[in-house]
Each structure stands twice: as structure tokens, then as C-alpha cells.
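Let me begin by presenting the structure, written as C-alpha cells, before commenting on it.
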Amino acid sequence: MVNIYNFLKIALLKKIEFFNNQSIFIYLIATILIVIPLKTIVVSIAIITFVLIAIYHSKKTKIELNKILILPVLFYFLMFFSLFWTRNLSNTLSGLQKELPFLFIPLAFLIMPRLNKKEIYKTFRLFSFAMLFFGLYYLLNASYRYYNTHDASVFFYHELVTKDVNAIYVSVFASFAIFYFISLKEKTVLDKTALFFLSIVIFLLSSKSIITIDFILIICYYSFFAPIPTGVKSTTLITVIAFVVGSLFFVKEVKQRFLLEYETAFVDNTVNNKIGNENAKVYNVSLKQAWNNKKFENNNFFPGTALRVYQMRIFKEMLQEQNVFWTGFGLEASQDEIQKKSKQHQLYDGYGDFNFHNQYIQTFSELGVFGFLILIAMLYFNCKNGWKQKDFLHIVFAITMIILFLSESFFCRQRGIVFFVTIYCMFNFSVPNLHKDNPSKL
Numbered sequence: 224m225v226n227i228y229n230f231l232k233i234a235l236l237k238k239i240e241f242f243n244n245q246s247i248f249i250y251l252i253a254t255i256l257i258v259i260p261l262k263t264i265v266v267s268i269a270i271i272t273f274v275l276i277a278i279y280h281s282k283k284t285k286i287e288l289n290k291i292l293i294l295p296v297l298f299y300f301l302m303f304f305s306l307f308w309t310r311n312l313s314n315t316l317s318g319l320q321k322e323l324p325f326l327f328i329p330l331a332f333l334i335m336p337r338l339n340k341k342e343i344y345k346t347f348r349l350f351s352f353a354m355l356f357f358g359l360y361y362l363l364n365a366s367y368r369y370y371n372t373h374d375a376s377v378f379f380y381h382e383l384v385t386k387d388v389n390a391i392y393v394s395v396f397a398s399f400a401i402f403y404f405i406s407l408k409e410k411t412v413l414d415k416t417a418l419f420f421l422s423i424v425i426f427l428l429s430s431k432s433i434i435t436i437d438f439i440l441i442i443c444y445y446s447f448f449a450p451i452p453t454g455v456k457s458t459t460l461i462t463v464i465a466f467v468v469g470s471l472f473f474v475k476e477v478k479q480r481f482l483l484e485y486e487t488a489f490v491d492n493t494v495n496n497k498i499g500n501e502n503a504k505v506y507n508v509s510l511k512q513a514w515n516n517k518k519f520e521n522n523n524f525f526p527g528t529a530l531r532v533y534q535m536r537i538f539k540e541m542l543q544e545q546n547v548f549w550t551g552f553g554l555e556a557s558q559d560e561i562q563k564k565s566k567q568h569q570l571y572d573g574y575g576d577f578n579f580h581n582q583y584i585q586t587f588s589e590l591g592v593f594g595f596l597i598l599i600a601m602l603y604f605n606c607k608n609g610w611k612q613k614d615f616l617h618i619v620f621a622i623t624m625i626i627l628f629l630s631e632s633f634f635c636r637q638r639g640i641v642f643f644v645t646i647y648c649m650f651n652f653s654v655p656n657l658h659k660d661n662p663s664k665l
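Residue numbers (the numbering used here): 224 to 665.
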């Protein structure tokens, strides 16, 4: 009995010591990032645990107000105040619940011990290998479905990860993991394998915007920042370019997604043979038509870029027709207005269900000019800090978000919110010294 008592006492003391140790936050934050592709309830439990332990540690922490972390909190308060003018109260109430990470995650960072860069990158390493695991799972699952159906489409885009998880979001997560591995000065065989495998996953997911952003950033890194000999840089660049070009030319599904945008952007009424047929022709909408046509037909199809141009156009119309410049329609209240515009321009019914696919416009339409300015301020300070600290991975995150927000309403899903606000807080509230062992120092 004495031995059992001593064992339990030691175990309890170790458990208390673990919870009192600052390093617990490395694993808590990594857990939040890792579970993002899973169900909402799992992500919520991870965030609640993180917040509670941050509160537990707060009595030993000197709380520092940080204007950069206050910005997402202000962003949430503006969402809350939109209850007073929203056009759709039930949607706004539901949206406030989904947007809670903007409030709780920054506040938890403000009261927890500050992590240094070395600890931050331990978190990123755990997350990056978790993305490798998810990639393996998605490919194994797709292989099983292909065995049963012989349909190669199961390996591409939403089919690979399901529409609920969403190929765009998984592309963003996998992209960040890729740049973690790229930023390592010394790569193990496992690191190189993970980098190569995740690159394949990115192309299978076929997100045009992420592939383009990643390609540009990789070229910039190996051209200007990589601490490797010139010969190795040249070889790496040639390999990357060959990989991208080869995928675009020889991987049918990837090629089709890029060609559709190129072939339809400036030519009116091209025929979409993939959706339509000889008996029921479907015509692609060009950028010019998307911006100018007053009416559309049920057999009009909007390629990705044309749809985004159309959404910009109807937002402009909303600003001209309604008094929403200062307040917006209210959080999550813009969708009703999009549906009204869809009926006004006689679009196929399904197009009324799409959001603005542009975070800048989404924010402006729902929270007005002040919400838009807070969003711009977050992106500006995030980018400024990354450049000031010469932290390559921080710069990658900042630039990716700035460009991605042009084509996606990233905060309309909990996955996007949690990913953005967590990494935003990690980069902008870590101890601002760059150690020589920091893998991302330029």
C-alpha cells in the first residue's frame, strides 16, 4: 500500500508540474492547429482547454497589453455591436458563436507566458507533421474509393478531402507546413520526404490561388533568401519549375482548372463541354460579362474568377443602392442581399448561396468601413512585424493571407478563423528575439 501511495503521489506531482510548466502551451497550441480539419466540436474543446489553462497560469504571468492582439478582440466587439443594426438577427447570433476565437484566443495569449521563437517553431513542427499524416489519410481513403469506383476524380479537389473540410482550406494548411519544411536550414530525410509528399497533396487539391502563391514564394525564397550555394539554388529552382509546369501540362484535372480560367476570362460565351452537352449547352461567363450583363441565363456558368468579379460588382451595387457604408448589413447578414441580387440578375438559383469569396468585401459588407479598416490593420501589422523580424515563415503567412483574402471569404468558416487568429497571435506575441537556431531566420 505504501508503494502504491508513493507511486500515486509522484504521478500527481508530475502532473501538477506539467500543468505548471510553460511548455504545456506548445502542445496546447499545436493541438488547436492540428485538429482544425476535424469536426467543429473537437476544435472547440481544444480552444476551451487552452483558454482555461491560460487562465490558470495568468496569476503567475505579467499581463502585457499588445495593440496587435487587441485588434482581433476589437474586430469581435464590432461583430457583437452589429446586433443593433443587423438585417438578420438569427444569422448574426449564430455568427457570433462561430467567431468567438477572435475574442478568446487573443485574450488567452495576453494572459499566458510569452513563448520564444524556438518554442513557436516546435509547435509548427508538430503541426506540419500532422498535416503529413492527414495527407496520407486522404490519399489512402481516396485509393480505397478508387479501388471501388475506378473514378480518378476521387484524388482531386474537394473529392480528396470532402466539401465539408474543403480543398481550399486544406491547401492553406498544407502550404504552411510545406514552408515550414522549406525554411529548415538542415533537413533530415524525413523532412525532405514530408516536403515532397505535401507538395504532391497541394497539386492534387488543385487550388489555383494556393498553387500560384506557393510557386511565387518558393521562387522568391530560393532566389533571394535561401542560405545555400548558388549551384544548389539553381538546381532547386529548375526542379520546382519543372514540377509545376509538368503538373499543369500532364495532370488532367489540374490542367483543366487552370485552362478554364485562361480560356474563358476574356472571350464571351465559350462552351463548357464538361458540364453541358450537345442537347443542353452551357456557356461560360467572361469577366466582361460578369461585370456588365444586367441579366443572365440559367445555362450560364461562372468560372472562379468570373464569379468573383460578379460578386465585386454586386457589392458595388449594394453600396450605391443601400446605406451600408458605415455599418454594413450585420455579421452573417449579407447572404440575403446576395440572394436578392441573384434573383435580380436572373442567375441560376444555386449562385445565390455563394458568399462574396473575398474577405475584404465580406467584411465591408457585414461590418462596414470600420470592420474593413480593422481587418486591414491586422494584415498590415502582421506583415510589418514579419518583415521587421526577418522571419521567412511569418512573411509567408502574412503574404498568403493578404492574397488569399482576395479570392476567399476565409472567416466564413471556423477552420479559417482558428487558423488565422492562432498563427496571427503566435507570430505577433512571441518573444521578439531571433535565435541562431531559429529555422526561419532570413
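Even for Gly, the Cβ is constructed at its ideal location relative to N, Cα and C.
Cβ-Cβ separation, residue j to residue i (assumed contact under 8 Å), whole Å
{"i": "Ser305", "j": "Leu590", "result": "6 Å"}
{"i": "Val670", "j": "Trp514", "result": "The first residue shown for the chain is 224 and the last is 665, placing residue 670 beyond what the model contains."}
{"i": "Lys345", "j": "Ile249", "result": "5 Å"}
{"i": "Trp308", "j": "Thr550", "result": "5 Å"}
{"i": "Phe620", "j": "Phe650", "result": "7 Å"}
{"i": "Ile328", "j": "Thr645", "result": "6 Å"}
{"i": "Leu383", "j": "Tyr361", "result": "5 Å"}
{"i": "Thr272", "j": "Gln637", "result": "So it is not a contact: roughly 16 Å between Cβ atoms."}
{"i": "Cys648", "j": "Leu292", "result": "6 Å"}
{"i": "Ile286", "j": "Ile270", "result": "Going by Cβ atoms, the distance from Ile286 to Ile270 rounds to 20 Å, so no, they are not a contact pair."}
Own chain, CB closer than 7 Å to residue i, minus 5 neighbours either side, in chain order
{"i": "Phe595", "result": "Tyr583, Thr586 and Phe587"}
{"i": "Leu297", "result": "Ile597"}
{"i": "Lys504", "result": "Val494 and Asn522"}
{"i": "Ser632", "result": "Asn578, Phe579, His580, Asn581, Gln582 and Gln585"}
{"i": "His280", "result": "Met335 and Pro336"}
{"i": "Phe357", "result": "Pro260"}
{"i": "Tyr392", "result": "Arg636, Arg638 and Gly639"}
{"i": "Ser509", "result": "Thr487, Ala488, Phe489, Val490, Asp491 and Ala529"}
{"i": "Tyr299", "result": "Glu322, Phe325 and Leu326"}
{"i": "Leu330", "result": "Val296"}
For residue i, the three-state DSSP class (helix, strand or coil)
{"i": "Val388", "result": "coil"}
{"i": "Asn515", "result": "helix"}
{"i": "Phe666", "result": "Residue 666 lies beyond the residue range present for the chain, which begins at 224 and ends at 665; the question has no answer from this structure."}
{"i": "Tyr506", "result": "strand"}
{"i": "Val494", "result": "strand"}
{"i": "Asp437", "result": "helix"}
{"i": "Ala234", "result": "With a pLDDT of 45 at Ala234, under the threshold of 50, the modelled position of this residue cannot be trusted; read the value that follows with caution. Looking at Ala234 - three-state DSSP - the assignment turns out to be helix."}
{"i": "Leu338", "result": "coil"}
{"i": "Ala331", "result": "helix"}
{"i": "Arg536", "result": "helix"}
{"i": "Pro450", "result": "coil"}
{"i": "Gly670", "result": "No statement about residue 670 is possible, as the shown extent of the chain runs from 224 to 665 and does not include it."}
{"i": "Glu382", "result": "helix"}
{"i": "Arg310", "result": "coil"}
{"i": "Phe489", "result": "coil"}
{"i": "Asn371", "result": "helix"}
{"i": "Thr411", "result": "coil"}
{"i": "Leu323", "result": "coil"}
{"i": "Gly499", "result": "coil"}
{"i": "Ser394", "result": "helix"}
Close-in-space but distant-in-sequence residues of the same chain around residue i (CB under 8 Å, 5 per side omitted)
{"i": "Phe230", "result": "Low confidence applies to Phe230: its pLDDT is 46, below 50, so where it sits in the model is not reliable, and the reading given next is rough at best. Nothing listed; no residue qualifies."}
{"i": "Ser317", "result": "Glu555"}
{"i": "Arg310", "result": "Phe552, Gly553, Ala556, Asp559 and Glu560"}
{"i": "Phe241", "result": "Because Phe241 sits at a pLDDT of 49, beneath the cut-off of 50, its placement in the model cannot be relied upon, and the following sentence gives the value as read from the coordinates. Closer than 8 Å at Cβ, skipping near neighbours: Ile247."}
{"i": "Ala417", "result": "Ser351, Phe352, Leu355, Ala400 and Phe404"}
{"i": "Val654", "result": "Arg337, Leu338, Asn339 and Lys340"}
{"i": "Lys410", "result": "Phe404 and Leu418"}
{"i": "Ile626", "result": "Ser432 and Ile436"}
Neighbourhood of residue i by C-beta, 6 Å cutoff - its chain only, sequence neighbours within 5 removed
{"i": "Tyr369", "result": "Val377"}
{"i": "Lys564", "result": "Ile537"}
{"i": "Ala353", "result": "Ile257"}
{"i": "Asn492", "result": "Tyr506"}
{"i": "Cys635", "result": "Asn578"}
{"i": "Ile252", "result": "Thr346"}
{"i": "Asn314", "result": "Glu555 and Ala556"}
{"i": "Phe519", "result": "His568, Gln569 and Leu570"}
{"i": "Leu349", "result": "Ala253"}
{"i": "Leu323", "result": "none"}
{"i": "Glu342", "result": "Ile249"}
{"i": "His381", "result": "Ala390"}
{"i": "Tyr574", "result": "Ser565"}
{"i": "Leu427", "result": "Phe378, Phe379 and Leu383"}
Bridge partners - residue i, DSSP secondary structure assignment
{"i": "Asn523", "result": "Tyr506"}
Counting only runs that start and end within the stretch 604 to 646, where is the alpha helix (DSSP H) found for 4 or more residues in a row? Within the stretch 604 to 646, the complete alpha helix (DSSP H) runs of at least 4 residues are 615 to 627.
If we require 4 or more residues per run, which alpha helix (DSSP H) segments fall completely within the stretch 243 to 301? Whole alpha helix (DSSP H) segments, 4+ residues: 247 to 257 and 263 to 281.
Segments of 4+ residues assigned as alpha helix (DSSP H) that fall wholly inside the stretch 545 to 612: As far as the stretch 545 to 612 is concerned, its whole alpha helix (DSSP H) runs of at least 4 residues are 558 to 567 and 582 to 611.
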